[in-house]
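In what follows, a single structure is set out as structure tokens and then discussed.
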Amino acid sequence: MSFIVNRNDRLIVSVEDLTHDGSGVAKVEGYPLFIPGALPDERVEIEVTKTLKKYGFAKLLNVKQASHDRVDPPCHVFPECGGCQLQHLSYEGQLLRKRKTVRDVIDRIAKLPHVPVHPVKGMENPWRYRNKSQIPFGERDGEVISGFFRSRTHHIVDTDVCIIQSIEADHLMTALKREMDVLGIQAYDEKTHKGMLRHLIVRKGRATNEIMVVFVTRKKKFPQKEAVVELVKHVIPEVTSIIQNVNDKKTNVIFGEETIVLHGKPFIVDSIGDIDFEISARSFYQLNPEQTEVLYGQALEYAQLTGNESVIDAYCGIGTISLFLAQKAKEVYGVEIVPQAIEDAKRNAELNGIDNAYFEAGPAEVVIPNWYAEGKRFDVLVVDPPRKGCDEKLLNTILEYKPKRIVYVSCNPATLARDLRILEDGGYRTQEVQPVDMFPQSSHVECVSLLQRETM
Ligand code: SAH
């Protein structure tokens, strides 16, 4: 091999940087090695695990000289479980890192070094924030296991505790794991497509404390359902809804088509600000409710509504942002590709007595040009696209019809920066970027940015 380093080599290196997904980066004669668990400014002993042409990977063996920001990760399955990437970095350090990640792409990709990127709005207590857990069950060496998938695999990392999820989810997953044998419930096996219990889902309304538990089973016939309902009621006496969902397909998708209520209501209610939302088993809902208020509050502030504006909420999901904005705008038009989510949005508008929010199912890049073609005009456009960013057709529509203000909510700084550049070239000016920490301990960062149409 003509490589500078080879597989199984043991070296001591200096860590220079941290990738967006939380790996340390060290260079050996210019050849980058990615080292999960290592932090910038550290000297570490590593073992090279894989070498590719332009870069390689290594395992952290020993921290020789630790970063000032290093902390002991409180979770015993970190970093094996892929759920968190930054538990070994102090929370303050995480927030600084996330700001730097955003700053870098705003400089490099959006080419906007003069645009302020504010300090990340973080949480006071960055633990136990997730309102939903999706817990796979399986079997290893004859024992039932449950926990979380190792990152990018379907290998279950067995655990009884996850300190970013609710305590109720901890208790139930552990109790169920212990009782499955007695109850005669077999965990599902992905390889053979045998067994019964595929996933346990626990969802909690932060504002209401309503709790939903969902059992995803391979078959509809679930002889232990009464026993399971009793178990849940025993472990979580305040449970408000127990659901069975049937998924008989060989698939990675968690939910199947059929949903059966075993106890209580088919949905839980939660609220953001003054608005109540009914959330059913399969609905998308933001995972960190406390920070969702911060995120939406920022979007609302940037929208600068006085009550006279027509607003678009593109990629609206179940209409959470739309209903939040509708209280302050003349009217809001929400568009979302999943028809079920649009049904939820309409029902939630009705539930809250909001009659100035309209929803349409379809791709934003098709529905919005149609609205304009029908003669509708808008003052403010809010977009909250998935990781791949806004569709090019949608950006072209914006540049053609020129709404005054754009509020861009993004879960991926790289595509945000790409789209900001396109909008800048089309005559918009990015005023500022506010990162919000929706997923403490992970490497993700969410941003809200404000763009104004250049006055001519
Ligand atoms: N704003 C919502 C959801 C944001 S997630 C909230 O805060 O809860 C992004 C949403 O975009 C998802 O609901 C996804 O289904 C939807 N989506 C993906 N591609 C789309 C497209 N081309 N047009 C409209 N919606 C799309």
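Residues are numbered in the numbering used here as their position in the sequence shown, beginning at 1, plus a constant of 1450.
The beta-carbon is built from N, C-alpha and C at its ideal position, and this holds for glycine as well.
So what does DSSP say about Q1484, is it helix, strand or coil?
Reading the sequence as shown, one finds Phe at residue 1484 and not Gln. Three-state result, F1484: strand.
May I ask you to report which of helix, strand or coil DSSP gives S1760?
strand
At a threshold of 8 angstroms, does A1764 count as lining the ligand SAH (C-beta to nearest heavy atom)?
yes
Based on the DSSP output, what are the partners of I1722 in its beta bridges?
I1725
Does E1850 pass the burial test, meaning 16 or more other C-beta atoms within 10 Å, or should it be called exposed?
exposed
Sub-9 angstroms separation of N1702 and T1667 beta-carbons
no
Between the CA atoms of E1688 and E1824 - distance to the nearest angstrom:
50 angstroms
Should I1462 go down as buried or exposed, given a rule of 16 or more other Cβ atoms within 10 Å for buried?
exposed
Contact between the region 1797-1810 and the region 1862-1881 (3+ Cβ pairs under 8 angstroms):
Too few Cβ pairs lie closer than 8 angstroms, so no.
Closer than 8 angstroms: V1397 CB and nearest the ligand SAH heavy atom:
For the chain, the structure presents residues 1451 to 1906; residue 1397 sits outside this window and is missing.
Pull up the distance between the alpha-carbon of L1773 and that of D1726, whole angstroms please.
10 angstroms
Classification of Y1505 by the beta-carbon crowding that lies within 10 angstroms, buried from 16 upward
Y1505 is exposed by the Cβ-count criterion.
F1734 beta carbon near the ligand SAH (any heavy atom closer than 8 angstroms):
yes
Over the uninterrupted alpha helix (DSSP H) stretch that includes K1675, give me the two end residues.
1675-1685
Please work out which residues of its chain come closer than 6 angstroms, Cβ to Cβ, to G1572, disregarding the five sequence neighbours upstream and downstream, and give them in chain order.
L1545, D1887
Hey, G1826 and N1806 are a contact pair by Cβ (cut 8 angstroms); roughly how many whole angstroms apart?
Sequence inspection shows Lys at residue 1826; the Gly mentioned does not correspond to that position. With a Cβ gap of about 14 angstroms, K1826 and N1806 do not count as contacting.
Relative to the ligand SAH, is the shortest distance from any of its heavy atoms to the C-beta of I1768 smaller than 8 angstroms?
yes
Less than 8 angstroms between C-beta atoms, sequence neighbours within five positions excluded: which residues of the same chain meet that for T1742?
I1722, Q1736, T1770, M1888
Compute the minimum distance between the beta carbon of D1841 and the heavy atoms of the ligand SAH, and state whether it is under 8 angstroms.
yes
Own chain partners of V1455 with C-beta closer than 6 angstroms, once the 5 adjacent residues on each side are dropped
V1478, V1498
Answer yes or no: the CB of G1427 versus the heavy atoms of the ligand SAH, is any distance below 8 angstroms?
Outside the displayed span of the chain (1451 to 1906) sits residue 1427, for which this structure offers no information.
Using a threshold of 8 angstroms, is the CB atom of V1788 nearer than that to any non-hydrogen atom of the ligand SAH?
yes
Could you give the C-beta distance for G1839 and R1868, rounded to a whole number, given that I count them as a contact under 8 angstroms?
G1839 to R1868, Cβ: 6 angstroms. Contact.
Are at least three pairs of beta-carbons, each pair with one atom in the region 1638-1657 and one in the region 1575-1591, less than 8 angstroms apart?
yes
Which residues does DSSP list as the beta-bridge partners of F1587?
S1596
E1688 bridges to which residues according to DSSP?
None; E1688 has no bridge partner.
Please tell me whether, using a cut-off of 8 angstroms, the distance from the CB of V1859 to the nearest non-hydrogen atom of the ligand SAH is below it.
yes
Quick check on this structure: which residue in E1708, V1859, V1527 has the alpha carbon closest to the alpha carbon of F1599?
Relative to F1599, the option among E1708, V1859, V1527 whose CA is nearest is V1527.
Between which two residues does the beta strand (DSSP E) holding P1885 run?
1878-1886
Return the residue from the list I1595, L1633, H1538, Q1777 that minimises the CA-CA distance to K1675.
L1633
Take the Cβ of L1574 as the centre, count every other Cβ of all protein chains shown within 10 Å, and call the residue buried at 16 or more, exposed below.
According to the sequence displayed, residue 1574 carries Glu and not Leu. Per the 10 Å Cβ criterion, exposed.
Which whole-angstrom value is the C-beta distance of I1787 and E1810, which I expect to be below 8 angstroms?
Not really, about 10 angstroms apart at Cβ, beyond 8 angstroms.
State the start and end residues of the unbroken alpha helix (DSSP H) segment that holds H1621.
Run containing H1621: 1617-1633, per the alpha helix (DSSP H) assignment.
Assuming E1743 is part of the alpha helix (DSSP H), what are its boundary residues?
From DSSP, the alpha helix (DSSP H) with E1743 extends over 1739-1753.
Supposed contact pair V1883 and I1556 - C-beta distance, whole angstroms, cut 8 angstroms:
6 angstroms
Close beta carbons around R1590, own chain, < 8 angstroms, minus the five adjacent residues each side:
I1606, D1608
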